[in-house]
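Participant: Structure in structure tokens, see below.
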Amino acid sequence: MQQNQLEKMKNDKGFIAALDQSGGSTPKALAAYGIPEHTYQSEEEMFDLVHEMRTRIITSPSFNSDQIIGAILFEQTMDREIEGKYTGDYLAEEKGIVPFLKVDKGLAEEADGVQLMKPIDNLQETLDRANERHIFGTKMRSVIKEDNREGIKKVVDQQFEIGKQIIAAGLVPIIEPEVDIHSPSKEDSEEILKSEILEHLNQLNPDQLVMLKLSIPTQNNLYRELIDHPNVVRVVALSGGYSTEDANAKLKDNKGLIASFSRALSQDLNANQSQEEFDAALKKAVDSIYEASIS
Numbered sequence: 703m704q705q706n707q708l709e710k711m712k713n714d715k716g717f718i719a720a721l722d723q724s725g726g727s728t729p730k731a732l733a734a735y736g737i738p739e740h741t742y743q744s745e746e747e748m749f750d751l752v753h754e755m756r757t758r759i760i761t762s763p764s765f766n767s768d769q770i771i772g773a774i775l776f777e778q779t780m781d782r783e784i785e786g787k788y789t790g791d792y793l794a795e796e797k798g799i800v801p802f803l804k805v806d807k808g809l810a811e812e813a814d815g816v817q818l819m820k821p822i823d824n825l826q827e828t829l830d831r832a833n834e835r836h837i838f839g840t841k842m843r844s845v846i847k848e849d850n851r852e853g854i855k856k857v858v859d860q861q862f863e864i865g866k867q868i869i870a871a872g873l874v875p876i877i878e879p880e881v882d883i884h885s886p887s888k889e890d891s892e893e894i895l896k897s898e899i900l901e902h903l904n905q906l907n908p909d910q911l912v913m914l915k916l917s918i919p920t921q922n923n924l925y926r927e928l929i930d931h932p933n934v935v936r937v938v939a940l941s942g943g944y945s946t947e948d949a950n951a952k953l954k955d956n957k958g959l960i961a962s963f964s965r966a967l968s969q970d971l972n973a974n975q976s977q978e979e980f981d982a983a984l985k986k987a988v989d990s991i992y993e994a995s996i997s
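For the sequence shown, the numbering used here puts the final residue at 997, and the numbers step up evenly by one.
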């Protein structure tokens, strides 16, 4: 990993932009952007369109390192170019923003109140390519739906097992065990999750660094101990389906937690906007998320 990027992730004010919709969620992302599914004929055309959307976001003057410290990509975006540079290099060199890569392959069927990650069969190959593309870290998502201690333990065990492989490849993993915000046992699940994460963190060597991406907790400042842990570079929050306004308001009540929002960042962007309208809408979203992240 690059030391200057590590210091940026540890210390700079701002938030991480989540631009990592993959194949399953891409049609929804395009539809929200004003490009309905019937307007493209193939998967290749779909991914071309989503790269155009991401390129428009990333190259906008509203997408800047004064407020955005990192951006999460998925493989197609990492392997494509923006203005003649691989996306990770463009982010780092032209924007001063730290690039991350989504590495999970989606969620398994629910069992024990959770959804583990599907097997990541080609992980080492992906990590090798990420290093070639100058990616700083990775992200992988699981989901917790019930306060089932056995299920939550399985989620955290899997995340840290794979996380150690990512660390060994020289990258910093973002461990993302999302707690479903609609779960009636959300608060209890978060208490169990915190204890399981702490157990794993306390077993890491001093040079084994991770980041955490967690649902905004029901109990304010629940994750303060994780934020302050010496093996944790940063703890970031996902919006998880909250509106931008609700997510920002909840984030402000959690000191040291910063945003890593996806939908909240892009919900007011549209393919039919003029460049001026697009930049203004993006700036409004960036400003609001940044304010919540530094409060």
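Built from N, CA and C at the ideal position, the CB exists for glycine as well.
I'd like to know if the segment 823-838 and the segment 888-908 are in contact, where contact means that at least 3 CB-CB pairs between them fall below 8 Å.
Facilitator: Flag = no, the segment 823-838 and the segment 888-908 do not touch.
Participant: Hey, Glu893 and Leu924: beta-carbon distance below 9 Å or not?
Facilitator: Yes, the Cβ-Cβ distance between Glu893 and Leu924 is below 9 Å.
Participant: Quick one: measure Cβ to Cβ for Leu971 and Ala983, integer angstroms, because I've assumed they're closer than 8 Å.
Facilitator: So it is a contact: roughly 6 Å between Cβ atoms.
Participant: Does the Cβ of Gly958 have 16 or more other Cβ atoms within 10 Å, making it buried, or fewer, making it exposed?
Facilitator: Exposed, because fewer than 16 other Cβ atoms sit within 10 Å of the Cβ of Gly958.
Participant: So is Ser968 buried or exposed if we call it buried at 16+ other beta carbons inside 10 Å?
Facilitator: It counts as buried.
Participant: To test your reading of the DSSP string, which unbroken beta strand (DSSP E) runs of 3 or more residues are found completely within the segment 831-895?
Facilitator: Fully enclosed beta strand (DSSP E) runs of 3 or longer: 839-846, 874-881.
Participant: I'd like to confirm the pairing. Which residues does DSSP put opposite Lys917 in its beta bridges?
Facilitator: Residue identity differs from the one stated: residue 917 is Ser in this sequence, not Lys. Note: Ser917 sits in a beta bridge opposite Leu940.
Participant: Taking 9 Å as the cut-off, decide whether the C-beta atoms of Asp768 and Gly815 are in contact.
Facilitator: Contact flag unset, no.
Participant: Spatial neighbours of Pro738 within its chain, please: CB distance less than 7 Å, with the 5 preceding and 5 following residues excluded, ordered by chain position.
Facilitator: There are no such residues.
Participant: Go ahead and pull the three-state DSSP assignment for Ala813.
Facilitator: If DSSP states are grouped into helix, strand and coil, Ala813 belongs with the strands.
Participant: For Ile718, report the span of its beta strand (DSSP E) as first-last.
Facilitator: Taken as a continuous stretch (DSSP letters only), the beta strand (DSSP E) holding Ile718 covers 717-720.
Participant: Please report how far the alpha carbon of Glu880 lies from the alpha carbon of Asp849, in whole angstroms.
Facilitator: Near 12 Å, if we compare the C-alpha coordinates of Asp849 and Glu880.
Participant: Which residue spans inside the segment 731-766 form an unbroken alpha helix (DSSP H) run of at least 4?
Facilitator: Entirely contained in the segment 731-766, the alpha helix (DSSP H) runs reaching 4 residues are, in chain order, 745-761.
Participant: Using three-state DSSP, classify Asp989 as helix, strand or coil.
Facilitator: Three-state DSSP puts Asp989 in a helix.
Participant: Under 9 Å between the Cβ atoms of Leu916 and Val938?
Facilitator: Closer than 9 Å, so yes.
Participant: If you drop the 5 nearest sequence neighbours on each side, which residues of the same chain put their C-beta closer than 6 Å to that of Ala987?
Facilitator: The answer, listed in chain order, is Leu967.
Participant: In the DSSP assignment, what are the bridge partners of Leu775?
Facilitator: DSSP output for Leu775 lists Leu803 as bridge partner(s).
Participant: Tell me which same chain residues have a C-beta within less than 6 Å of the C-beta of Gly943, skipping the five on either side of it?
Facilitator: Here the set comprises Ile883.
Participant: Under 8 Å, with one C-beta from each stretch per pair, do the segment 802-818 and the segment 739-755 reach the 3-pair mark?
Facilitator: Short answer: they don't touch.
Participant: Bridge partners for Met780 per DSSP, in chain order?
Facilitator: Partner(s): none; Met780 has no beta bridge.
Participant: According to DSSP, Val935 sits in a beta bridge with which residue or residues?
Facilitator: Paired residue(s): none; Val935 is not in a bridge.
Participant: Just the C-alpha distance for Val874 and Leu825, rounded to the nearest angstrom, thanks.
Facilitator: For Val874 and Leu825, the distance between alpha carbons rounds to 14 Å.
Participant: Give the C-beta separation of Ile868 and Leu895 to the nearest angstrom, bearing in mind that I take them to be a contact with Cβ-Cβ under 8 Å.
Facilitator: That belief does not hold up - the Cβ atoms of Ile868 and Leu895 are roughly 20 Å apart, past 8 Å.
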